[in-house]
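Heads up: the sequence shown begins at 255 in the working numbering, then just goes up one per residue.
Glycine included, each C-beta is placed from N, C-alpha and C at the ideal position.
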Amino acid sequence: MSTTEPIRNKWKLEKFRNYYRTVSPNERNYLLIVTGLNTALRISDILSLKWDDVYDCAAHTVKSRIKLKEKKTGKTANIAVNRSLRDAIKNVVSDCSAPDP
Numbered sequence: 255m256s257t258t259e260p261i262r263n264k265w266k267l268e269k270f271r272n273y274y275r276t277v278s279p280n281e282r283n284y285l286l287i288v289t290g291l292n293t294a295l296r297i298s299d300i301l302s303l304k305w306d307d308v309y310d311c312a313a314h315t316v317k318s319r320i321k322l323k324e325k326k327t328g329k330t331a332n333i334a335v336n337r338s339l340r341d342a343i344k345n346v347v348s349d350c351s352a353p354d355p
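Structure (structure tokens):
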């Protein structure tokens, strides 16, 4: 099995982060990238998230923390949602009847 190396160059990281916002606009993919970069969650954990995990439909607000059980380790994670991630979520969610991300 091969290993994956992190992007260490700040310019390359910013280019990667902005690809789905500017070059090939796709809000869903941009949200996945921003979630990964801002939470350090594995892709399997990101893909398991539901709108209820990140958005409070009754209050129409993004939750301040994401709580989930990590698939690989089984540990419970309680992750703060920063401004960058909050903004990305707000750009995607239009109403609570939207399909899960």
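Hey, how far is the Cα of residue i from the Cα of residue j?
i: Asn263; j: Lys269; result: 10 angstroms
i: Glu324; j: Val277; result: 32 angstroms
i: Arg340; j: Pro260; result: 23 angstroms
i: Arg282; j: Val316; result: 16 angstroms
i: Trp265; j: Ala334; result: 25 angstroms
i: Lys326; j: Ala313; result: 32 angstroms
i: Asn336; j: Pro279; result: 22 angstroms
i: Leu303; j: Leu286; result: 10 angstroms
i: Ser256; j: Ser318; result: 35 angstroms
Please confirm whether residue i and residue j have their CB atoms less than 8 angstroms apart.
i: Ala342; j: Val288; result: yes
i: Ser348; j: Asn292; result: no
i: Asp306; j: Leu322; result: no
i: Arg296; j: Tyr284; result: no
Bridge partners for residue i per DSSP, in chain order?
i: Asp310; result: Thr315
i: Ile320; result: Ile333
Taking 7 angstroms as the line, does the beta carbon of residue i fall inside it for any heavy atom of the ligand NAP?
i: Ser298; result: Absence of the ligand NAP is noted for the structure shown, with no ligands found whatsoever.
What would DSSP say about residue i, mapped onto helix, strand or coil?
i: Asn292; result: helix
i: Lys264; result: helix
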